[in-house]
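Participant: For the record, in the sequence shown the residue sitting at position 499 is 500 according to our numbering, with numbers rising by one throughout.
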Amino acid sequence: MSNVSATPPSNRGGMLSVAIRVHPWLKIFRRIAWLPAIVVACIASQAAAAERPNIVIIMADDMGYSDIGCYGGEIDTPHLNRLAEGGLRFTQFYNTSRCCPTRASLLTGLYSHSAGMGGMVNKRATGKGTDSPYQGFLNDRCLTIAEALKPAGYNVLMSGKWHVGEQRSNWPTERGFDRYFGLISGACNYWKVDEGRQMALEDQPYTPPADGSFYMTDAISDYAVKMVDEYGRRDEPFFLYVAYTAPHWPLHAWPEDIEKYRGKYRGGWEALRKQRHARMIEAGIVDADWPLSPLDAEPWDNLSEKEQAEFDLKMAVYAAMIDRMDQGVGRIVEQIQAVGELENTLILFLADNGGCHENPVRSEVPGTPPGPRESFLAYGKNWANASNTPFRRYKHWVHEGGISSPLIAHWPAVVKSGKLTQQVGHVVDLMATCLDVAGADYPETVDGKSIHPLDGKSLLPILKGKQRTGHEMLFWEHLGSAAVRQGDWKLVSAEGGPWELYDLSKDRTELNDLAKAHPEKRDELLTAYRAWAKKTGVRPPKKSRKNRKHK
2 MSNVSATPPS NRGGMLSVAI RVHPWLKIFR RIAWLPAIVV ACIASQAAAA
52 ERPNIVIIMA DDMGYSDIGC YGGEIDTPHL NRLAEGGLRF TQFYNTSRCC
102 PTRASLLTGL YSHSAGMGGM VNKRATGKGT DSPYQGFLND RCLTIAEALK
152 PAGYNVLMSG KWHVGEQRSN WPTERGFDRY FGLISGACNY WKVDEGRQMA
202 LEDQPYTPPA DGSFYMTDAI SDYAVKMVDE YGRRDEPFFL YVAYTAPHWP
252 LHAWPEDIEK YRGKYRGGWE ALRKQRHARM IEAGIVDADW PLSPLDAEPW
302 DNLSEKEQAE FDLKMAVYAA MIDRMDQGVG RIVEQIQAVG ELENTLILFL
352 ADNGGCHENP VRSEVPGTPP GPRESFLAYG KNWANASNTP FRRYKHWVHE
402 GGISSPLIAH WPAVVKSGKL TQQVGHVVDL MATCLDVAGA DYPETVDGKS
452 IHPLDGKSLL PILKGKQRTG HEMLFWEHLG SAAVRQGDWK LVSAEGGPWE
502 LYDLSKDRTE LNDLAKAHPE KRDELLTAYR AWAKKTGVRP PKKSRKNRKH
552 K
């Protein structure tokens, strides 16, 4: 994918959607009549290049909509909170409900199926299904952000979880990144590399030190800080993608971080949901008219004292993992400031899917509590229900609990402080946004082969405080769950379930199904979904008895 048929964009002001500040010395030079025009042009080009923003995208893994402080959570996230206070928070931003598809959409600006990642990672290099929407690794009909920004003069860097292809031909350095450190595979022990998982440093396999000093979240932060320190001092702008594995299971955290939260969750998940919901309403994150979705957990009071203590510990470890990630974000931001680039760096923070209901139990030493390397546990559906406050369902589903993500945008040179926006965005928009702010082209061909046109639309107008022309429709499909959103209308189906219709302006918690009351809107959206699915190669959802009549 190295021969991209795109001409690097010039640095003329018209190419950029961001206002370029003219240096005072440049104004003086322009007044000197005898200065050769070519010299003025060179200086202008260099000044414009210096003004192109750095771009940093930071993503959490399996983190719920309400977990961090600036979205209603009680977890201590001062660094993310400060980014929110100095930037913009989206209240209606969407991912694709699962790690692999979201990463593919983020990296390519395409619906994940068009990038070959409609499902999960497949370790095959070739074979049946290659070039299909579900082949399990990035195809050659897509372009990564790195491959698009490099011809535009950006240094392109990544630290963290890749998870969009484990074949060596699909590693980050083969898909445009100059530098890489992180986890090629999916979920992994935070203290070591599990058997069957892969880590890499640049283009070589990497094995963490076995002296007890390695912790995945810290290592991802460390390398991100090193990259900023090195590349933030260069003349060229940089793009940095930081993909944390936190707080994805297994529940692993440093003892001092866990201790900070021990006992904090003895009130149970019902109380936690109500507390978060109240803070979200007060902050304007959610509408008070949307009822809190029904509890999808066993009543806390039905648990024994021992069980309550065990669940308290699980949530304490989960919170500690987010806390440690936030500490890393703080160090990255501090380093950006140290190299003098914070003013003109766009920082975006999001999550790859909603809180996770899964409950793997495969500890090396059975009975080991969550936290140390010998354990391998998750916090389970009960706490995930609280993480996704106020919504229904979880990671894997495309109801709001599975696809709603925080999105914080911080960019002092452009974004006004402390604002909320209700404009709708989707992870496919991030590639288009990066191209827009960088003044980079999106080519029609790569190595002589046509690539898919972008599905995303730039968020830059929203960042600049304007109303953008959004998507006419947004689509989702993952493992049989499917949805389409048009304006405030959303049609959604869980795998094998009936099609449900909601007016999200009045009912974003999806409690009042309007499919029977508005059959014409249901059929209109269903027709649109099927047309998109056919065009994209998406598998049709399984039909239950309740929705067969809408075939």
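Even for Gly, the Cβ is constructed at its ideal location relative to N, Cα and C.
Should R13 go down as buried or exposed, given a rule of 16 or more other Cβ atoms within 10 Å for buried?
Facilitator: Low confidence applies to R13: its pLDDT is 26, below 50, so where it sits in the model is not reliable enough to give any reading.
Participant: Could you give the DSSP three-state label for A51: helix, strand or coil?
Facilitator: With a pLDDT of only 46 at A51, under 50, the local geometry of the prediction cannot be trusted, and the value read off the model is given with reservation. If DSSP states are grouped into helix, strand and coil, A51 belongs with the helices.
Participant: Could you tell me the distance, in whole angstroms, from the CA atom of W301 to the CA atom of R325?
Facilitator: Answer to the nearest angstrom: the Cα atoms are 28 Å apart.
Participant: Take the Cβ of R523 as the centre, count every other Cβ of all protein chains shown within 10 Å, and call the residue buried at 16 or more, exposed below.
Facilitator: It counts as buried.
Participant: Apply the 10 Å Cβ neighbour rule to K535 and answer buried if 16 or more other Cβ atoms are within range, or exposed otherwise.
Facilitator: Under this definition K535 is an exposed residue.
Participant: Is W270 helix, strand or coil when you go by DSSP?
Facilitator: Reduced to three states, the DSSP call for W270 is helix.
Participant: Can you tell me whether DSSP reads D504 as helix, strand or coil?
Facilitator: Three-state result, D504: strand.
Participant: Given 8 Å as the limit, is there contact between the segment 401–411 and the segment 342–355, that is, 3 or more CB pairs closer than that?
Facilitator: These segments touch.
Participant: Grab me the residues of A85's own chain with a C-beta within less than 7 Å of its C-beta, minus the 5 sequence neighbours each way, in chain order.
Facilitator: Excluding residues within five positions, the ones whose Cβ falls inside 7 Å are C71 and I409.
Participant: Which word fits G368, buried or exposed, when buried means at least 16 other C-beta atoms lie within 10 angstroms of its C-beta?
Facilitator: G368 comes out exposed.
Participant: Roughly how many angstroms separate the alpha carbons of P444 and A254, rounded to a whole number?
Facilitator: In a straight line, the C-alpha of P444 is about 43 Å away from that of A254.
Participant: Classify R234 as helix, strand or coil using the three-state DSSP reduction.
Facilitator: R234 falls in the coil class under three-state DSSP.
Participant: Over the uninterrupted beta strand (DSSP E) stretch that includes Y1, give me the two end residues.
Facilitator: The structure shown has nothing for residue 1, since the chain only spans 2 to 552.
Participant: Is A532 helix, strand or coil by DSSP?
Facilitator: If DSSP states are grouped into helix, strand and coil, A532 belongs with the helices.
Participant: State buried or exposed for V334, treating a residue as buried only when at least 16 other CB atoms are found within 10 Å of its CB.
Facilitator: By the neighbour-count rule (16 or more Cβ atoms within 10 Å), V334 is buried.
Participant: Would you mind working out which of R469, Q468, C435 and I463 sits nearest L455, comparing C-alpha positions?
Facilitator: The residue with the shortest Cα to Cα distance from L455 is C435.
Participant: Excluding the 5 residues flanking Y112 on each side, which residues of the same chain have their C-beta closer than 7 Å to its C-beta?
Facilitator: So the qualifying residues of the chain are S106, V429, D456, F476 and T537.
Participant: When you compare the CB positions of S98 and G403, do they come within less than 8 Å of one another, or not?
Facilitator: Yes, the pair counts as a contact, with Cβ atoms nearer than the cut-off.
Participant: Counting pairs of beta carbons, one from the segment 482–491 and one from the segment 450–469, are three or more of them closer than 8 Å?
Facilitator: Touching, no.
Participant: Look at D141 and L158 and say whether their C-beta atoms are less than 8 Å apart.
Facilitator: No, they are not a contact pair.
Participant: What residues are listed by DSSP as bridge partners for R486?
Facilitator: For R486, which the question treats as bridged, DSSP gives the partners L475 and K491.
Participant: If I'm right that F182 touches I56 with Cβ under 8 Å, what's the distance once you round it to whole angstroms?
Facilitator: In fact, because the Cβ distance is near 18 Å, the residues do not count as touching under 8 Å.
Participant: Helix, strand or coil: how does DSSP classify G426 here?
Facilitator: DSSP places G426 in strand when its eight states are reduced to three.
Participant: Using the beta-carbon count (16 or more within 10 Å), is A279 buried or exposed?
Facilitator: With fewer than 16 Cβ atoms within 10 Å of its Cβ, A279 is classed as exposed.
Participant: Does the segment 305–313 come into contact with the segment 357–367, if we say contact requires no fewer than three beta-carbon pairs (one atom in each stretch) closer than 8 Å?
Facilitator: Result no; under three Cβ-Cβ pairs closer than 8 Å.
Participant: For R374, which residues from the same chain have a beta carbon less than 8 Å from its beta carbon, with the 5 sequence-adjacent residues on both sides left out?
Facilitator: N190, Y191, W192, K193, H253 and E365.
Participant: In the DSSP assignment, the beta strand (DSSP E) including R180 goes from what residue to what residue?
Facilitator: That run of the beta strand (DSSP E) goes R180 to L184.
Participant: Hey, how far is the Cα of I323 from the Cα of F91?
Facilitator: Distance between the alpha carbons of I323 and F91: 20 Å.
Participant: Comparing C-alpha positions only, which one of E257, G137, L296 and Y155 sits nearest to G166?
Facilitator: The shortest Cα separation from G166 among E257, G137, L296 and Y155 belongs to G137.
Participant: Report the rounded CA-to-CA distance for G264 versus E306, giving the unit in angstroms.
Facilitator: The alpha-carbon atoms of G264 and E306 are separated by roughly 12 Å.
Participant: Looking at the unbroken alpha helix (DSSP H) that takes in H253, where does it start and where does it end?
Facilitator: Counting along the chain, H253 falls outside any alpha helix (DSSP H), and DSSP gives it neither H nor E.
Participant: Using DSSP with H/G/I as helix, E/B as strand and the rest coil, what is N156?
Facilitator: Strand, per DSSP.
Participant: Taking the C-alpha atoms as reference points, what is the distance between S506 and H400?
Facilitator: If I take the Cα positions, the gap works out to 15 Å.
Participant: Who are the near neighbours of R469 in its chain, counting only those whose CB is closer than 6 Å to its CB and skipping five residues on each side?
Facilitator: Within the same chain, R469 has close Cβ partners P462 and I463.
Participant: Starting from R104 and walking both ways along the alpha helix (DSSP H), at which residues does that stretch end?
Facilitator: Its alpha helix (DSSP H) spans residues C100 to T109.
Participant: Since G372 sits in a beta bridge, which residues does DSSP pair it with?
Facilitator: BP columns for G372 point to H253.
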